[in-house]
Amino acid sequence: MSAVLATPPTPQVAASAPLRSPAQPPRTRRKILRRLPAIAGVNGLLLVGCAYMILPLLWLVFAATKDATGLYSGDVFVFGGAFLANMEQLFTQDGGIFVRWLVNSILYAGIGAVVGGFIALMAGYAFDKFEFRGKGTWYGAVLVGVLIPNTATVIPLYLLAASVGLTNTIWAVVIPTLCNPFSVYLARVFSAGYIPDETLEAARVDGAGTVRTFLRIGLPMLTPGFVTIALFQFVGIWNNFMLPLIMLQNRDLFPSSVGIALWQSQVQQNPEFSTLVIAGSFISILPLVIAFVMLQRFWRSGLSAGSVK
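Okay, so the sequence shown: first residue is 1 according to the UniProt record's numbering, each after it adds one.
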């Protein structure tokens with residue numbers, strides 16, 4: 001007769017109480033309250049900065065639709081009905097001289113942006129990847145050039161151009177724009193952030209020369225940086241006023257900035273020129289907006305060069 005062992009009863013597990021999220025400690029709440037003034041101050045400064053940049057553009061858009069009477073009377077941010085008349089007057093004034101000024105600005109800024117940007121790219125690449133005698137001294141001179149304002153170099157540039165007979169020519173405006181110390185500095189930053197030294201070493205092992213390595217490997221990798229530098233060059237040359245004002249005497253060679261200033265000087269004698277100034281300023285910002293919109297995917301990636309390692 002076999003014995004049957006009794007199975008011990010299974011112990012009942014008591015149901016655990018539902019978990020409750022701990023209440024936010026008073027210390028964290030006080031810390032958040034202490035940070036509120038700083039957050040409000042930072043966001044307030046950002047709003048003031050945005051208003052400082054956007055409100056003048058908005059005023060220009062509304063002012064371009066008004067005649068001379070509505071420009072100095074009535075509400076500021078209200079559209080007028082003279083936009084087409086202002087545009088017609090702008091492009092027909094003095095035989096359409098504004099179109100020539102606009103083409104001159106595009107020519108000066110385009111050559112300076114493309115050629116000057118490429119020269120700066122090569123210089124920054126050389127400062128970053130090559131070792132040569134006096135490298136630190138030459139790069140220090142570039143950094144000193146960044147600190148010197150462009151207006152301080154206008155008179156020396158005019159004397160140099162006058163000594164070789166280049167004043168009152170397009171070369172007097174184009175040649176100084178081909179060398180920009182700030183662009184060289186940016187190019188070195190982009191070269192250090194985009195081109196690994198191992199890639200160039202592999203190209204040298206495969207037998208590629210210095211020029212071929214730069215054109216086939218370095219230049220494609222530096223495309224976002226080149227577009228960013230070219231945009232900065234384009235904007236700086238487009239807005240340049242003192243250099244063409246000093247260098248040029250022929251009105252047909254003026255860029256739009258100097259031409260609009262010429263019209264502005266006649267507003268006191270003829271108030272009708274005020275609409276020409278406003279309409280010309282409105283048209284002058286359109287190429288900059290178009291350039292930034294079309295090339296934004298390049299310069300946005302270019303501005304983040306070297307931010308992530």
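Ideal Cβ placement from N, Cα and C applies to all residues, glycine included.
For residue i, which residues in the same chain have their Cβ closer than 6 Å to its Cβ, ignoring the five residues on either side in sequence?
i    : result
G165 : none
Q70  : Correcting the residue identity first, residue 70 is Gly in this sequence and not Gln. Once the five neighbours on either side are set aside, the close Cβ partners of G70 are G80.
A161 : T167 and A172
I195 : G218 and M221
A203 : T213 and I217
F273 : W263, Q266 and V267
Please say whether residue j and residue i have beta carbons closer to each other than 8 Å?
i    : j    : result
G158 : T167 : Note that residue 158 is Tyr in the sequence shown, not Gly. For Y158 and T167, yes; Cβs fall inside 8 Å.
A124 : F214 : With the sequence shown as reference, residue 124 is identified as Gly, and Ala is not the correct amino acid for it. No, the pair does not count as a contact, with Cβ atoms beyond the cut-off.
I217 : T199 : yes
A230 : V146 : no
N104 : L253 : yes
D67  : T275 : yes
N180 : A120 : yes
F77  : L58  : yes
F132 : P224 : no
F241 : A109 : no
Y185 : V142 : yes
Y139 : F127 : yes
I285 : G112 : no
L90  : F98  : yes
S183 : F118 : no
Would you call residue i buried or exposed, if buried means 16 or more other Cβ atoms sit within 10 Å of its Cβ?
i    : result
P271 : exposed
T177 : buried
R188 : buried
N250 : exposed
I260 : buried
S257 : buried
Y52  : exposed
N239 : exposed
A38  : exposed
L5   : Residue placement at L5 is poorly supported in this model, since its pLDDT is 45, which falls under 50; the coordinates are not used for a value here.
T28  : exposed
L33  : exposed
G207 : exposed
P149 : exposed
Spatial neighbours of residue i within its chain, please: CB distance less than 8 Å, with the 5 preceding and 5 following residues excluded, ordered by chain position.
i    : result
D54  : Here the sequence assigns Ile to residue 54, which means Asp is not the residue at that position. Excluding residues within five positions, none has a Cβ falling inside 8 Å.
L288 : F234, V235 and W238
In its own chain, which residues sit with a C-beta less than 7 Å from the C-beta of residue i, not counting the 5 before and 5 after it?
i    : result
S21  : Residue confidence is low: S21 scores 48 on pLDDT, short of 50, so the model does not pin down where it sits. Its coordinate-derived value is still stated next. Excluding sequence neighbours, S21 sits near nothing in its chain.
A64  : F83, N86, I278, A279 and F282
S16  : Because the pLDDT of S16 is 47, which lies under 50, any placement of that residue in the model is unreliable, and the question is left without a value.
L295 : V227 and L231
Taking 8 Å as the CB-CB cut-off, is residue i touching chain D?
i    : result
I237 : Of the protein chains in the structure, only one exists, and it is not chain D.
Open item on the list: For the region 147-162 against the region 241-261, do three or more pairs of beta-carbon atoms, one drawn from each stretch, fall closer than 8 Å, so that the two count as touching?
Closed with: Touching, yes.
TODO: List in chain order: all unbroken alpha helix (DSSP H) runs of 4+ residues lying wholly within the region 228-283.
DONE: Correct list: 242-247 and 256-264.
Task: Ordered list of alpha helix (DSSP H) runs contained in the region 151-239, each at least 4 residues - done: You should have 154-163, 171-174, 181-194, 197-205, 210-213 and 223-238.
Open item on the list: Extract the residue ranges of the alpha helix (DSSP H) inside the region 69-121, only unbroken runs of 4 or more that lie entirely within it.
Closed with: DSSP runs (the alpha helix (DSSP H)) wholly in the region 69-121: 83-92.
- [ ] Could you name each continuous alpha helix (DSSP H) segment of 4 residues or more that falls completely within the region 31-74, going from the start of the chain to the end?
- [x] Fully enclosed alpha helix (DSSP H) runs of 4 or longer: 68-71.
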